[in-house]
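Chemist: Counting with the numbering used here, you get residues 52 to 160 for the letters of the sequence shown.
In this text, a Cβ means the ideal position worked out from N, Cα and C, and glycines have one as well.
Quick one: the structure is below, questions incoming.
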Amino acid sequence: VDEADKAPLEVVCILKGLLEDGHMILSDGRRLETLSESERLNPPPDVIPIHPNFRAVVLANRAGYPFLGNDFFGECGDVFSCHVVDNPDQTSEIELLRSYAPDVPDHTL
Numbered sequence: 052v053d054e055a056d057k058a059p060l061e062v063v064c065i066l067k068g069l070l071e072d073g074h075m076i077l078s079d080g081r082r083l084e085t086l087s088e089s090e091r092l093n094p095p096p097d098v099i100p101i102h103p104n105f106r107a108v109v110l111a112n113r114a115g116y117p118f119l120g121n122d123f124f125g126e127c128g129d130v131f132s133c134h135v136v137d138n139p140d141q142t143s144e145i146e147l148l149r150s151y152a153p154d155v156p157d158h159t160l
């Protein structure tokens, strides 16, 4: 999930429930649920089993200016193993861009 900080708060809360509690009710009445191995063999018709290896990678900007999204970390930070990734320095960005566009002049990069 990219840009989770731009999602409406009600969507963030539903995502948190899915990841924290292992279940989510869909609008048609079916449910996504974490089931035991024996339950996964014959789930009820209204249940969609969540794969035991299911993982979520969620990207969100830091709260506040200039991003102005929701405080995703404040709402869901306790559910995730959070890692801050800083922007690369200018030299690294140029090197990355050059690897994708080797024929573009340096002044354009």
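(1) In the structure shown, what three-state DSSP assignment does Glu84 receive?
(2) Under a three-way DSSP split, which group does Val109 fall into?
(3) Measure the alpha-carbon distance for Leu86 versus Ile101 and round it to whole angstroms.
(4) Touch check for the region 72-88 and the region 144-159: three-plus C-beta pairs under 8 Å?
(5) In chain order, what residues of the same chain lie with their CB nearer than 8 Å to the CB of Leu60, ignoring the 5 residues before and after it?
Modeler: To lay it out plainly:
(1) Along the sequence shown, read from residue 1 onward, the residue named residue 84 stands at position 33. Glu84: strand per DSSP, three-state reduction.
(2) Against the sequence shown, residue 109 aligns to sequence position 58. Reduced to three states, the DSSP call for Val109 is coil.
(3) In the sequence shown, the residue the question calls residue 86 occupies position 35. In the sequence shown, the residue the question calls residue 101 occupies position 50. One C-alpha to the other measures close to 7 Å.
(4) Under the 8 Å Cβ criterion, the region 72-88 does not count as touching the region 144-159, having fewer than three qualifying pairs.
(5) Taking the first residue of the sequence shown as 1, we reach residue 60 at position 9. These residues qualify, in order along the chain: Asn121 and Glu126.
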